[in-house]
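Peer 1: The following block contains the structure, expressed as structure tokens.
Numbering (this note's numbering), first residue to last: 771 to 974.
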């Protein structure tokens, strides 16, 4: 019987524990989330596409995992996608999809890898939140965009229970660092009755 991980994912804490879980999950990840109707990548990709005029400009898929998010971006027309993830086995599966211009293994203990202004848009699809990247990653990614750059991200129901996450978006908007282009609450994993909010911000 194949081990399942959705029941563990949102309670995992710490970088090492998260990496270990995703290393174990990699082989069955696509099938498990697909069986539960994983809708957020498509929703994020469509929301970003709606505010993008140049589909050839490079997009960073941060926390790309096995590449389901890159696939969603590709299917709505984005042509140049780079991926970063902290799990090698996930990246190996992303590479097999043949969607990415480049793939990079990240080290959370090292200096942040994304130079400011390299990307016209950054996607963090199901990446920041409970059982995943800490809220501070929001600031790093927003800070890596030049003025006019777009940032699409999602927070699932488990993450929305912690006001610190949406509070980070509100603080950025109130500080004049970003403006909110869209926000939508909808399906995330219908199979486990979980929803998510998808946001698109523009760096000011």
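Virtual Cβ for every residue (Gly too), placed ideally from N, Cα, C.
Is the beta carbon of residue 923 sitting closer than 8 angstroms to the one on residue 943?
Peer 2: Taking the first residue of the chain shown as 1, we reach residue 923 at position 153. Taking the first residue of the chain shown as 1, we reach residue 943 at position 173. Cβ atoms of residue 923 and residue 943: not closer than 8 angstroms.
Peer 1: How many whole angstroms separate the CB atoms of residue 928 and residue 827, which I take to be in contact at a CB cut-off of 8 angstroms?
Peer 2: Here residue 928 is taken as the residue at index 158 of the chain shown, counted from 1. Here residue 827 is taken as the residue at index 57 of the chain shown, counted from 1. Their Cβ separation, rounded to whole angstroms, is 32 angstroms, which puts residue 928 and residue 827 out of contact at 8 angstroms.
Peer 1: At which residue ranges does the region 882-955 contain complete alpha helix (DSSP H) runs of 4 or more residues, listed in the order of the chain?
Peer 2: DSSP runs (the alpha helix (DSSP H)) wholly in the region 882-955: 906-913, 927-930 and 933-944.
Peer 1: Where residue 866 and residue 888 are concerned, what is the direct C-alpha to C-alpha distance, given to the nearest angstrom?
Peer 2: Stepping through the chain shown from its first residue, residue 866 is reached at position 96. Stepping through the chain shown from its first residue, residue 888 is reached at position 118. Answer to the nearest angstrom: the Cα atoms are 25 angstroms apart.
Peer 1: Based on Cα-Cα distance, which residue from 907, 967 and 862 lies nearest to residue 878?
Peer 2: Looking up residue 878 in the chain shown gives position 108. Among 907, 967 and 862, the Cα nearest to that of residue 878 belongs to 907.
Peer 1: CA-CA distance, residue 869 and residue 968?
Peer 2: As a working note, residue 869 is residue 99 in the chain shown. As a working note, residue 968 is residue 198 in the chain shown. If you take the alpha carbons of residue 869 and residue 968, they lie about 23 angstroms apart.
Peer 1: How far does the beta strand (DSSP E) with residue 975 in it reach, from first residue to last?
Peer 2: Past the boundaries of the shown model lies residue 975; the chain is included only from 771 to 974, so the question cannot be answered.
Peer 1: Buried or exposed: where does residue 962 fall if 16 or more other Cβ atoms within 10 Å of its Cβ makes it buried?
Peer 2: As a first step, residue 962 must be located in the chain shown, where it is residue number 192. The residue is exposed, with fewer than 16 neighbouring Cβ atoms inside 10 Å.
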